[in-house]
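**Q** Numbering (full-length UniProt numbering), first residue to last: 1 to 316.
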Amino acid sequence: MKNIILDLDTGIDDTLAIAYALGNPEAKLIGITGTYGNVTVDQGVRNALAVTELFGHPEVPVYRGIDHPEAKETFAVSQGSAFIHGANGVGDVDIPDAKRSAESEPAVDFIIDAAKTYGKELTYVPTGAMTNIAAALRRAPEIRNLIGDIVLMGGALTVPGNVNAWTEANISQDPEAADYLFRSGVRTEMIGLDVTMQTLLTRAETAQWRELGTPAGRFLADMTDYYIAAYEKTAPGLGGCGLHDPLAVATAIDPTLVATLPINLKVELDGPTRGRTIGDYDRLNDPFKTTSVAIAVNKSRFLDDFMRRVTSVATA
Ligand code: BDR
Ligand code: CA
């Protein structure tokens, strides 16, 4: 059993990651911390509260995180994000607000407390801007040696980005925070576009959720069809949507789903390639590699597992 914190900019694939984690008996979702990217922190927190209730898990605490990147004063949802995730982050599908509110403890405090409480038994999965974990590591450096696995969705090493040719969305939101994380000495596993664009979900699968006839099944199908339609417009012929965030959660639970390359990474912070994840030449010969980058994935095993877990949540 893994104690997991999901750090989410709760849009569509983040919501699928929540459903997957809730449906996996090997995961204990001890909290969701809110970041920004697909939506603002406030909208993401609202979505996380709402979908955990819809999925029958109102006990999962949700914490509000930092609402802006290190290098900028404000964060605004881009038109690109709204196009892909809907203005409300869940494909513009209506979902009732949760009955409960976010916890009063800020996300960064919760992350630090959880690292001290659970130590190596804690797995932290950030799938939006890396702002919260960078802030936690800065504020409480002692957790560097305490915290367990950090399995992040973000970046691209061998393929182009999805914001531009260089940059993946989550890293682009706060390049300084991601660079800090990669160079902090803490071990990370990067689940980037290299593998997440290989794990595609199609309408054949979402139809299975709709056919369940449950509120959660209909919601998941309608929301994910919005995502698939956006992918069809931006990448005609792709045939589905990338399961970015669920793959990070799945790998956190079962590392054997991917093959990895050990490498020290950095993020380019200047010039037109700002936000690019790239090998850190200064640490090329350092025998201690802090990051493992996923470069291959067992697609069918992941997709079968994903559908089984999410369908169990949609059925309940
Ligand atoms: C990542 O960016 C966000 O839009 C998705 O939720 C995912 O975490 C993919 O690049
Ligand atoms: Ca995300």
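Just so it is clear, CB atoms sit at the ideal spot from N, CA and C, and this is done for glycine as well.
If the criterion is Cβ atoms closer than 8 Å, does the pair Asn38 and Gly11 meet it?
**A** Yes, these two residues count as a Cβ contact at 8 Å.
**Q** Cβ of Asn164 versus every heavy atom of ligand 1: is any distance shorter than 7 Å?
**A** Every heavy atom of ligand 1 is 7 Å or more from the Cβ of Asn164, so no.
**Q** Let me make sure I understand the geometry here. Which of Ala19, Gln173, Ala76, Ile133 has the alpha-carbon closest to that of Arg308?
**A** Looking at the Cα atoms, Ala19 is the closest of the given residues.
**Q** Within the chosen definition, does the region 88-96 reach the region 127-140 through at least 3 CB pairs nearer than 8 Å?
**A** The region 88-96, when compared against the region 127-140, does not touch it at the 8 Å Cβ threshold.
**Q** Once DSSP output is grouped into helix, strand and coil, what is the label at Pro126?
**A** DSSP places Pro126 in strand when its eight states are reduced to three.
**Q** Just to confirm, does Glu268 get its C-beta within under 7 Å of one of the non-hydrogen atoms of ligand 1?
**A** No, Cβ of Glu268 sits at least 7 Å from all heavy atoms of ligand 1.
**Q** Please determine whether the Cβ atom of Asn38 lies at a distance below 7 Å from any heavy atom of ligand 2.
**A** Yes, Cβ of Asn38 sits closer than 7 Å to a heavy atom of ligand 2.
**Q** Looking at the structure shown, is Thr224 part of a helix, part of a strand, or coil, going by DSSP?
**A** Note: Thr224 maps to helix in three-state DSSP.
**Q** Our contact map puts Ile4 next to Ala252 with C-beta atoms below 8 Å; I'd like the distance itself, whole angstroms only.
**A** Right, their Cβ atoms sit about 6 Å apart.
**Q** Using the three-state DSSP reduction, which class does Arg274 fall into: helix, strand or coil?
**A** Here Arg274 sits in coil by DSSP.
**Q** With respect to the alpha helix (DSSP H) encompassing Gly23, which residues constitute its N-terminal and C-terminal limits?
**A** From DSSP, the alpha helix (DSSP H) with Gly23 extends over 12-23.
**Q** Buried or exposed: where does Met1 fall if 16 or more other Cβ atoms within 10 Å of its Cβ makes it buried?
**A** Exposed is the call here.
**Q** Can you look up Val293 in the DSSP assignment and give me helix, strand or coil?
**A** Val293 falls in the strand class under three-state DSSP.
**Q** Taking the beta strand (DSSP E) that Asn145 belongs to, which residues open and close that run?
**A** Careful: Asn145 lies outside any beta strand (DSSP E) and carries neither H nor E.
**Q** Given a threshold of 16 other Cβ atoms within 10 Å of its Cβ, counted over all protein chains shown, does Lys266 qualify as buried or as exposed?
**A** With 16 or more other Cβ atoms within 10 Å, it is buried.
**Q** Do three or more CB pairs link the region 293-302 to the region 159-175 at distances below 8 Å?
**A** With the cut-off at 8 Å, the region 293-302 and the region 159-175 do not touch.
**Q** Just the Cα atoms here: how many angstroms apart are Ala177 and Ala129?
**A** Distance between the alpha carbons of Ala177 and Ala129 is about 8 Å.
**Q** Go through the region 83-137 residue by residue and report every complete run of the alpha helix (DSSP H) that reaches 4 residues or more, in order.
**A** List check, alpha helix (DSSP H) in window: 107-118.
**Q** Would you check whether ligand 2 has a heavy atom nearer than 7 Å to the C-beta of Thr161?
**A** The residue you asked about is not Thr; residue 161 is Gly in the sequence shown. It does not: the Cβ of Gly161 is nowhere closer than 7 Å to a heavy atom of ligand 2.
**Q** Say yes only if the C-beta of Asp13 is nearer than 7 Å to one or more non-hydrogen atoms of ligand 1, and no if none qualify.
**A** Yes, the beta carbon of Asp13 sits closer than 7 Å to at least one heavy atom of ligand 1.
**Q** Any idea what DSSP makes of Leu8, helix, strand or coil?
**A** Strand.
**Q** Within 10 angstroms of the Cβ of Glu59, are there 16 or more other Cβ atoms? Answer buried if so, exposed if not.
**A** Glu59 is exposed by the Cβ-count criterion.
**Q** Going by DSSP in three states, Asn170 sits in which element: helix, strand or coil?
**A** Correct three-state label for Asn170: helix.
**Q** Using a threshold of 8 Å, state whether the C-beta atoms of residue 352 and Val163 are closer than that.
**A** Beyond the ends of the chain as shown, which are 1 and 316, falls residue 352; an answer cannot be given.
**Q** When the distance is taken between beta carbons, is Phe306 closer than 8 Å to Ala248?
**A** No, Cβ-Cβ distance for Ala248 and Phe306 is not below 8 Å.
**Q** Look up Ala27 in the DSSP assignment and give the residues it is bridged to.
**A** In DSSP, Ala27 forms a bridge with Lys2.
**Q** What do you reckon, are the CB atoms on Thr206 and Thr188 nearer than 8 Å?
**A** Cβ distance not < 8 Å, so Thr206 and Thr188 don't count as in contact.
**Q** Looking at C-alpha atoms only, which residue of Glu168, Asp149, Ile150 is the closest neighbour of Leu157?
**A** With distances taken between Cα atoms, Leu157 lies closest to Glu168.
**Q** If Gly161 and Glu121 are in contact, beta carbons under 8 Å, what's the gap, nearest whole angstrom?
**A** The Cβ separation is near 34 Å, so there is no contact.
**Q** Mind checking who Arg64 pairs with in its DSSP beta bridge?
**A** BP columns for Arg64 point to Gly34.
**Q** According to DSSP, is Thr188 part of a helix, a strand, or is it coil?
**A** Thr188 falls in the strand class under three-state DSSP.
**Q** Could you tell me whether the region 272-288 touches the region 42-54, where touching means 3 or more Cβ pairs closer than 8 Å?
**A** Result no; under three Cβ-Cβ pairs closer than 8 Å.
**Q** So, Tyr180 versus Ala134, is the Cβ gap smaller than 8 Å?
**A** The answer is yes: Cβ separation under 8 Å.
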